[in-house]
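Everything on this sheet refers to the single structure shown next.
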Amino acid sequence: MGSFSIWHWLIVLLVVVMIFGTKKLRNMGSDLGGAVKGFKDGMKDANGNPTTDATAASSAPAAQVTGQPANSDKTIDVEARQKS
Numbered sequence: 001m002g003s004f005s006i007w008h009w010l011i012v013l014l015v016v017v018m019i020f021g022t023k024k025l026r027n028m029g030s031d032l033g034g035a036v037k038g039f040k041d042g043m044k045d046a047n048g049n050p051t052t053d054a055t056a057a058s059s060a061p062a063a064q065v066t067g068q069p070a071n072s073d074k075t076i077d078v079e080a081r082q083k084s
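Residue numbers (full-length UniProt numbering): 1 to 84.
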């Protein structure tokens, strides 16, 4: 009961072609290729360079810097208390 022989796979292929037809199989293949191409394009950033975890992690903290001193007028100092 191991793997199937080449004749088994040819019969399966013949049945699939008879059920779906060559046109529908060709359309499914082109749709799959377009989806893979779209996924690859989506993985590229605006500069055309592929993004990696290292570049994404290093750019995230830079976006959070506000340039204001730590003790600005907008800072609210709250003292936390524990419930007893």
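Note that CB positions come from ideal geometry on N, CA and C, so glycine has one too. Model, not experiment: these values are computed from the prediction.
Beta-carbon separation (whole angstroms), L25 vs V17, contact threshold 8 Å: Sequence index remark: in the sequence shown, residue 25 carries index 25 (1-based). Sequence index remark: in the sequence shown, residue 17 carries index 17 (1-based). So it is a contact: roughly 7 Å between Cβ atoms.
Buried or exposed by the 16-neighbour rule on C-beta atoms within 10 Å, applied to K23: Sequence index remark: in the sequence shown, residue 23 carries index 23 (1-based). By the 10 Å Cβ count, K23 comes out exposed.
What first and last residue would you give for the alpha helix (DSSP H) that runs through V36? Within the sequence shown, residue 36 is the residue found at index 36, counting from 1. Here the alpha helix (DSSP H) through V36 covers 22-42.
Spatial neighbours of G38 within its chain, please: C-beta separation below 6 Å, excluding the five flanking residues on both sides. The sequence position of residue 38 within the sequence shown is 38, counting from 1. Taken in chain order, the list of residues that qualify is empty.
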